[in-house]
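Undergrad: What follows is a single structure, and I will ask about it in a moment.
In UniProt numbering, the protein residues as written are 1 to 360.
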């Protein structure tokens, strides 16, 4: 887990020694010491310390951190596809059939899962149809109530009557949804039209996906373009990373992973920089967990974490020269970090079905 463990600041904190000590018949600190001796030999690991009852605090080398940025950039902005290390590859085999229980929220959740499951390695290529070899799961989030303008203050409850439609999301993932005249990606249902007329498609999807499925959804009166809106922060942060690239091009330099050269002992030791790196490192695992638990909200919340981390980092380590500064290797490295963060944000927005505006 990125961040802090056992009270110390670190790149990665690991509690595995605490989890396996009983089975191993040793104390957590003894297990941690065995693991520490092995971990320090792993390429890219700069140091390992034992903290507290047996936490392992792992510090990576600057080269390893820069290599992660380079790997993310090498994938480019190809979104929603399992590609080697970028996503955990699936084991293949039987298809997973997802069926929306009822209403617009269930349909939007299933639509997002149609992208998240293959991206997170759940299900491999297959040709099974729902009802044949596929394992069918009913996605049943807490229903949302939609008020229609033509009905004044009357509440329209999502209908339970559904004409089930079947869609193929690719990578062996099949999904069904109902209560709609068309696919959610080109929606025509009454609930969808009401919500998008009021909030727009991006805000509608975000509101319906951001809350965990067992939580109630609070529909805003209108979309809010300010920091309190997580969707706005994520799209704004992505647009800012695009602006950094455009402005750097005008100044005649491009990104190159390396040491971002911040204060306090070097770039990677600055908390704001470590937070961005940790968010990027954690992202593939978040997508895998979202697929495994059928929880698009995990992706949405992690995008907020990534966006907030990069916006803080931008203030401490601006990618563009300031004042009389000339573009240097430090600026190229900071720009690479910004572009890598933008790649993660773009990928996550795509998985949720939201747009990736390069200007806001």
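Here a beta-carbon is modelled for each residue, glycine too, at the ideal position from N, C-alpha and C.
For residue 370, which residues from the same chain have a beta carbon less than 6 Å from its beta carbon, with the 5 sequence-adjacent residues on both sides left out?
TA: Residue 370 lies beyond the stretch modelled for the chain, which goes from 1 to 360, so this question has no answer here.
Undergrad: Short of 7 Å in beta carbon distance, which residues of its chain neighbour residue 340, apart from the five on each side in sequence? Order them along the chain.
TA: Excluding sequence neighbours, residue 340 sits near 69, 72, 73, 280.
Undergrad: Take residue 230 and list the residues in its own chain whose beta-carbon comes closer than 6 Å to its own, dropping the five residues that flank it on each side.
TA: For residue 230, where only same-chain residues beyond five positions count, the Cβ hits under 6 Å are 304.
Undergrad: Taking just the CA atoms, how far does residue 105 sit from residue 251?
TA: When rounded, the distance between both Cα atoms is 46 Å.
Undergrad: Is the stretch 28 to 40 close to the stretch 12 to 19, with three or more CB pairs under 8 Å?
TA: Touching, yes, given that three or more Cβ pairs across the two stretches are closer than 8 Å.
Undergrad: When you compare the CB positions of residue 240 and residue 120, do they come within less than 9 Å of one another, or not?
TA: Taking 9 Å as the Cβ cut-off, residue 240 and residue 120 do not qualify as a contacting pair.
Undergrad: Would you call the stretch 58 to 66 and the stretch 35 to 45 touching, i.e. three or more CB-CB distances under 8 Å?
TA: Flag = yes, the stretch 58 to 66 and the stretch 35 to 45 touch.
Undergrad: Would you kindly report the start and end of the unbroken beta strand (DSSP E) that includes residue 256?
TA: Per DSSP, residue 256 belongs to no beta strand (DSSP E) and is neither H nor E.
Undergrad: Nearest by alpha-carbon distance to residue 27: which of 197, 55, 277 is it?
TA: Minimum Cα distance to residue 27 is reached at 55.
Undergrad: Answer yes or no: the CB of residue 69 versus the heavy atoms of the ligand SAM, is any distance below 8 Å?
TA: With respect to small molecules bound, the structure shown includes none, and the ligand SAM cannot be examined in it.
Undergrad: With the cut-off set at 9 Å, would you say residue 296 and residue 290 are in Cβ contact?
TA: Contact flag set, yes.
Undergrad: Going by DSSP, which residues form a beta bridge with residue 50?
TA: Beta-bridge pairing links residue 50 to 56.
Undergrad: What separation, rounded to the nearest whole angstrom, lies between the Cα atoms of residue 173 and residue 243?
TA: Bear in mind that a pLDDT of 44 at residue 173, under 50, signals an unreliable position, so the number given afterwards is only what the model happens to contain. So the alpha carbons of these two residues sit roughly 36 Å apart.
Undergrad: Just the C-alpha distance for residue 311 and residue 334, rounded to the nearest angstrom, thanks.
TA: Distance between the alpha carbons of residue 311 and residue 334: 13 Å.
Undergrad: In the structure shown, what three-state DSSP assignment does residue 108 receive?
TA: The answer is helix: DSSP assigns residue 108 an H, G or I state.
Undergrad: What is the DSSP secondary structure of residue 216, counted as helix, strand or coil?
TA: Correct three-state label for residue 216: coil.
Undergrad: Report, in whole angstroms, the separation of the C-beta atoms of residue 235 and residue 360, which I expect to be a contact under 8 Å.
TA: With 8 Å as the limit, residue 235 and residue 360 qualify as a contact, their Cβ atoms being about 6 Å apart.
Undergrad: Note down, one range per segment and in chain order, each beta strand (DSSP E) of at least 3 residues found wholly within the stretch 272 to 330.
TA: Correct list: empty.
Undergrad: With 16 other CB atoms within 10 Å as the buried threshold, where does residue 247 fall?
TA: By the neighbour-count rule (16 or more Cβ atoms within 10 Å), residue 247 is not buried but exposed.
Undergrad: Check whether the Cβ atoms of residue 144 and residue 199 lie closer than 9 Å to each other.
TA: No.
Undergrad: Between the Cα of residue 209 and those of 22, 24, 348, spot the shortest distance and give me the residue it belongs to.
TA: When each option's Cα is compared against that of residue 209, the closest is 348.
Undergrad: Do residue 309 and residue 276 count as a contact pair if the criterion is CB distance below 9 Å?
TA: Yes. Within cutoff.
Undergrad: Go ahead and label residue 100 buried or exposed: buried means 16 or more other beta carbons lie within 10 angstroms of its beta carbon, across all protein chains shown.
TA: Result: buried.
Undergrad: Using the Cα positions of residue 278 and residue 271, report the straight-line distance between them to the nearest angstrom.
TA: When rounded, the distance between both Cα atoms is 10 Å.
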